[in-house]
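This report refers to the structure that appears directly beneath it.
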Amino acid sequence: MSLSWVQWGLTALVLVLLAFVGYQVNHHRQVQPAQSVSSGSEEPTDAWIQGFRYRQTQSGITRWEVMAERAQVFEQQHRAHLQNVSVRLFGARNEEMLVKSDEGVIDTATKNFYLVNRDAPVSIAFADGFHVRSNRLQWVETARQLTTQDHVEIRGHGLTITGTGLIAELDAEQFTILRNVQAQIR
């Protein structure tokens, strides 16, 4: 009996996600991820910073913080290329997400950033025990969303959800996997 409720619940979850995807995909199409993290040798670096830290605040409250072991800053382009990156994102109720990646780029004008790993997926850890992994992630400041078009995996509390593409709305605490959604209960 309980197995049929689980199947019904997962089916309902998938249907709700699919209905929501149509709305989100149209909104998401406006956002184009950065194509490369590489800085290119033709651009002169304005500054190299060891122990880089960039914080976004609103009304005196930290909304997110980007930390990198090293940053290559291009002031004219409003861009910094980052190495060994950690990002702390805070939701509407001040919940924290920790994102780690090998490399990243932050646009200091738009406050958008792009994160990528060379080998293992970029990892997002939540205080409640859930983990999200994908090869690359982009933060869109105006929408306060993490997005990707790559494969994504969400794990936690005996549940594994995989698929392709992600829209994570931080303030609404809502995650939408865009395509090929599969769920497993362990």
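Just so we're aligned: 190 in this note's numbering is position 178 of the sequence shown, and the numbers increase by one with no gaps anywhere.
Note that CB positions come from ideal geometry on N, CA and C, so glycine has one too.
The Cβ atoms of Gln-157 and Glu-181 lie closer than 7 Å to each other. The residues Arg-145, Thr-174, in chain order, have a CB closer than 6 Å to that of Glu-165 in the same chain once the five nearest residues on each side in sequence are set aside. Between the C-alpha atoms of Glu-77 and Gln-88 there is a straight-line separation of about 22 Å. With a cutoff of 7 Å on beta-carbon distance, Tyr-126 and Val-117 are scored as near each other. Looking only at Thr-122, Asn-106, Met-109, Leu-101, the smallest Cα-Cα distance to Ala-92 is reached by Thr-122.
The distance from the Cβ of Arg-130 to that of Asp-119 is about 21 Å, inconsistent with a contact at the 8 Å cut-off. Residue pairing from DSSP leaves Lys-123 without any beta-bridge partner. Judged by DSSP secondary structure, Ser-135 falls within the beta strand (DSSP E) whose first and last residues are 134-138. When C-alpha distances from His-143 are compared across Leu-171, Pro-56, Ala-80, the shortest belongs to Leu-171. The straight-line gap separating the alpha-carbon atoms of Glu-153 and Ile-179 is approximately 13 Å. Just measuring C-alpha positions, the residue of Asp-140, Val-193, Thr-188 sitting nearest Asn-106 is Asp-140. In summary, Arg-75 is buried, with 16 or more beta-carbon neighbours lying within 10 Å of its beta-carbon over all protein chains present. Trp-151 and His-169 have their C-alpha atoms roughly 26 Å apart. The residues Val-85, in chain order, have a CB closer than 6 Å to that of Ala-59 in the same chain once the five nearest residues on each side in sequence are set aside. Within the DSSP bridge table, the entry for Thr-188 names Ile-179 as partners. Cβ neighbours of Gln-196 within its own chain (closer than 6 Å, five residues either side excluded): Thr-172. In the DSSP annotation of this structure, Arg-105 is not part of any beta strand (DSSP E), being labelled neither H nor E. The DSSP-derived three-state label of Glu-81 is strand. Membership of Phe-142 in any beta strand (DSSP E) is not indicated, and neither H nor E is assigned to it by DSSP.
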